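> Before I ask anything, here is the structure I am working with.
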Amino acid sequence: MKVAFHLFLVSFLFSIACYGQLRIIPSWDNKALELEQVYLTENKDSISFSTLKMYFSDFRFREKLSGGITEIDTLIFYDLADSSTYVFLKNLEISNYDEVSFTLGLDSSKNVSGELENAYDPLLGMYWAWNTGYVNLKLAGKSSLVLTKTHDFEFHLGGYRFPYASAQQVQVDLLDSYIQFELSLLFPDVISLKKTHHLMVPGKEAFLILQGLAACFN
Amino acid sequence: MKGSRFLLFAFFGFSILAFTLKISIPHPFYQPKEWPKPSYNFKGNPLDYEKFELGRALFYDPILSRDSSISCASCHLQFTAFAHVDHPTSHGIEGRIGKRNAPGLANLAWRKLFHWDGGVLNLNAQAINPITHVAEMDMRLDSLLYRLDRSPIYSAAFKRTFGTTDIRPFHLVKALAQFTVSLVSANSKYDKVMRAEDDQVFTEQESKGMVLFTKFCASCHKPPFFGGDDFKSNGLPLHPELLDFGRMTITGNKRDSLLFMVPTLRNIEYSFPYMHDGRISKLKDVIKHYTLLDYSNPLLSKELRKNPVKLSENEQKDLLAFLKTLTDKTFLFDERFKYSTFK
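Line by line, the protein sequences are chains A and X.
For what it's worth, my numbering labels the leading residue of the first sequence as 1, then goes sequentially.
For what it's worth, my numbering labels the leading residue of the second sequence as 219, then goes sequentially.
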């Protein structure tokens, strides 16, 4: 009941500002996630986040009445530290749709497009210069699970080459105009911070973590 | 009265002519007739002489490095084929040393992959690597854009050429690419002989060398570019300190271990030292390297295993003579590519 109230509150406040527009709300235990706020995992380990950045692309919306599909081939950059990135596809009246699918990250064609403007701007900190392409999702912070002096963890998750093309398909019902992204589901099953606390290269590990992250949307 | 009217007409006529001449200065990029179409996306960065001049100025300006000590030209000198003569690996700020040889720059418009490991997929984005790499310029892009914005010369130049007062990374790299894409080298003795131009012919030794080149080298160093966009193992063992595994670093595939980009041989006479880590100083020793290879090594590229390079001392000299015909002095001393007088 309490959980539902928190989400309702966040959703309500946001709705006043931007009714009818799609937004994604990262959460921890169904409360809107805040940077640098200390949370507890299921096993009572502490965790806080300093960075959450990600890309979304290739949206497909299903219309409520006709069942028709509206495709929007675009690249959206989201940064929890920058509220101007919270709401996107601003011209879309989200209440007309009951389902959306999208890509968490960028597919290979977008990775190699050579675009460096707008959402592709290297200044956003998602461009991989040494191996042309983009990080699909960046997550960093501190946790008592990390057994180092600083307790820092940092994940730059990306890669578009076979067999670890790591961008993930996500499909969710649009019960409201926001999509919840529940990060508590990651620990400890998807990310074991005791084993891996830094990952900055493409490969199987990045692929599997992004797969787990895709399952956190609902 | 008549005199003053004539002067007025003359003034306007001269002004129009001057303006016309200014905007009609041709961009140095050109397409050699016999060559395939370039890979570079010119639609995304149309040739523009003023942008070329801006890119040229940036190429030669140490403003790009964190301590303003090195420019692109520090490791890519025109008269040495835009390579770093006599330095095995690249030099960065504060005396930092990289782990790869700075390759020569030429005919980049026809390339799809860049760097010894092919990790960079387009020419525009390539410039970000040396600017931000800790062993090279170690410069943050946001700090660099701030610097450019604060510079009266550059802020005015970006406004004039790109129509922007908000310089973004794509403006910067497109300006640099206007310069680097223009570096076309297609005027060597080899090219002239192929085009039957200026009554140029090979000497007997060069002709013999070309036959040997075609037999032993051309399967990897394919004309007209003599290299690029392909990765091979030339039998060099792993450098014990640099520990550079080449292409595998990018693909994560063990089969790509110790594969490196096939470098262009154009202007090879001037782009010493050689190989991906500059470990061979002289061109004659590069040729000798291939004659001394262990051809039973299964890691060697198949072109070499199938067709071992067997050359007598004299044949090695013949091959060397042919390789020198790939020197394009009009390119190496082209005034349009020299240190900029932009300021």
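Cβ atoms here follow ideal geometry from the backbone N, Cα and C, with glycine treated the same way.
The structure presented is a predicted model; accordingly, all values stated were derived computationally and were not measured.
Starting from the beta carbon of A129 (chain A), find every residue of chain X whose beta carbon is closer than 7 Å, and list them in chain order.
Taking the first residue of the first sequence as 1, we reach residue 129 (chain A) at position 129. By Cβ distance, chain X contributes I346, N347, T350.
> So T85 (chain A) contacts chain X; which residues on that side make the cut at Cβ distance below 8 Å?
Walking along the first sequence from the start, residue 85 (chain A) turns up at place 85. Within chain X, no C-beta atom comes nearer than 8 Å to that of T85 (chain A); the closest sits roughly 17 Å away.
> Going by DSSP, name the residue or residues bridged to E182 (chain A).
Against the first sequence, residue 182 (chain A) aligns to sequence position 182. Answer by DSSP bridge pairing, in chain order: A:S27.
> At a threshold of 7 Å, does W130 (chain A) count as lining the ligand HEM (C-beta to nearest heavy atom)?
Ligands are entirely absent from the displayed structure, and the ligand HEM is therefore not among its contents.
> According to the neighbour-count rule (16 or more other Cβ atoms, all chains shown, within 10 Å of its Cβ), is K261 (chain X) buried or exposed?
Your numbering for residue 261 (chain X) matches position 43 in the second sequence. Exposed, by the Cβ-count rule.
> So with Cβ pairs under 8 Å, would you call V399 (chain X) a contact of chain A?
Translated into the one-based positions of the second sequence, residue 399 (chain X) becomes position 181. Chain A, which has no Cβ nearer than 8 Å to the Cβ of V399 (chain X), makes this no.
> Between A324 (chain X) and Y488 (chain X), is the Cβ-Cβ spacing less than 8 Å?
Position 106 of the second sequence, counted from the start, is the residue given in the question as residue 324 (chain X). Position 270 of the second sequence, counted from the start, is the residue given in the question as residue 488 (chain X). Not closer than 8 Å, so no.
> Beta-carbon separation of D266 (chain X) and T398 (chain X) under 8 Å?
Residue numbering aside, residue 266 (chain X) sits at position 48 when the second sequence is read from its first letter. Residue numbering aside, residue 398 (chain X) sits at position 180 when the second sequence is read from its first letter. Going by C-beta atoms, D266 (chain X) is not nearer than 8 Å to T398 (chain X).
> What residues from the segment 141-163 of chain A come within 9 Å of chain X, judged by C-beta to C-beta, listed N to C?
Cβ contacts with chain X: G159, R161.
> Between the alpha carbons of F478 (chain X) and V338 (chain X), how many angstroms are there, rounded?
For the purposes of this step, residue 478 (chain X) is identified with residue 260 of the second sequence, where counting begins at 1. For the purposes of this step, residue 338 (chain X) is identified with residue 120 of the second sequence, where counting begins at 1. Using only the alpha carbons, I get a separation of about 13 Å.
> Please compile the residues from chain X whose C-beta is within a distance smaller than 8 Å of the C-beta of G114 (chain A).
In the first sequence, counting from the first residue as 1, residue 114 (chain A) sits at position 114. The answer, in chain order, is N259, G262, L339, N340, N342, A343.
> Do we get a CB-CB distance below 8 Å when we pair D360 (chain X) with the residues of chain A?
Stepping through the second sequence from its first residue, residue 360 (chain X) is reached at position 142. Yes, D360 (chain X) counts as interfacial toward chain A.
> Looking at chain A, which residues of the segment 373-390 of chain X have a Cβ within less than 8 Å of any of its Cβ atoms?
Listed by position along the chain: R386, P387, F388.
> Is it true that the CB of I209 (chain A) sits closer than 8 Å to the CB of F155 (chain A)?
Taking the first residue of the first sequence as 1, we reach residue 155 (chain A) at position 155. Taking the first residue of the first sequence as 1, we reach residue 209 (chain A) at position 209. Between F155 (chain A) and I209 (chain A), the CB-CB gap stays under 8 Å.
> What does the Cβ neighbour count give for F297 (chain X), buried or exposed, with the cut at 16 atoms within 10 Å?
Numbered from 1 along the second sequence, position 79 holds the residue referred to as residue 297 (chain X). The residue in question, F297 (chain X), is exposed, as its Cβ has fewer than 16 Cβ neighbours within 10 Å.
> Would you kindly check if the distance between the Cβ of R23 (chain A) and the Cβ of V87 (chain A) is under 8 Å?
Residue 87 (chain A) sits at position 87 when you count from the first residue of the first sequence. Residue 23 (chain A) sits at position 23 when you count from the first residue of the first sequence. Yes, they are a contact pair.
> Would L544 (chain X) and D447 (chain X) qualify as a contact pair, given that the criterion is a beta-carbon distance under 8 Å?
Taking the second sequence and counting its residues from 1, one reaches residue 544 (chain X) at position 326. Taking the second sequence and counting its residues from 1, one reaches residue 447 (chain X) at position 229. Contact flag unset, no.
> Check the Cβ of G427 (chain X) against every Cβ in chain A and list those closer than 9 Å, keeping chain order.
Locating residue 427 (chain X) in the second sequence gives position 209, counting from the first residue. Within 9 Å Cβ-Cβ: nothing; G427 (chain X) doesn't reach chain A, min ~37 Å.
> Just verifying my parser: in three-state terms, what is the DSSP assignment at Q171 (chain A)?
As a working mapping, residue 171 (chain A) is identified with position 171 in the first sequence. Here Q171 (chain A) sits in strand by DSSP.
> Roughly how many angstroms lie between the CA atoms of W128 (chain A) and L89 (chain A), to the nearest whole one?
As a first step, residue 128 (chain A) is located in the first sequence; it is residue number 128 there, counting from the start. As a first step, residue 89 (chain A) is located in the first sequence; it is residue number 89 there, counting from the start. In this structure, the straight-line span from the alpha carbon of W128 (chain A) to that of L89 (chain A) is close to 26 Å.
> With distances taken Cα to Cα, identify the nearest neighbour of D98 (chain A) among A:D176, A:A215, A:Y39.
Here residue 98 (chain A) is taken as the residue at index 98 of the first sequence, counted from 1. Looking at the Cα atoms, A:D176 is the closest of the given residues.
> Hey, S108 (chain A) and A165 (chain A) are a contact pair by Cβ (cut 8 Å); roughly how many whole angstroms apart?
Position 108 of the first sequence, counted from the start, is the residue given in the question as residue 108 (chain A). Position 165 of the first sequence, counted from the start, is the residue given in the question as residue 165 (chain A). Yes, S108 (chain A) and A165 (chain A) are in contact; Cβ-Cβ is about 6 Å, under 8 Å.
> Using 8 Å as the threshold, is the C-beta distance between P321 (chain X) and P481 (chain X) below it?
Locating residue 321 (chain X) in the second sequence gives position 103, counting from the first residue. Locating residue 481 (chain X) in the second sequence gives position 263, counting from the first residue. Yes. Within cutoff.
> Using a Cβ cut-off of 8 Å (strictly closer), state whether G203 (chain A) contacts chain X.
Locating residue 203 (chain A) in the first sequence gives position 203, counting from the first residue. Chain X contact via Cβ: present.
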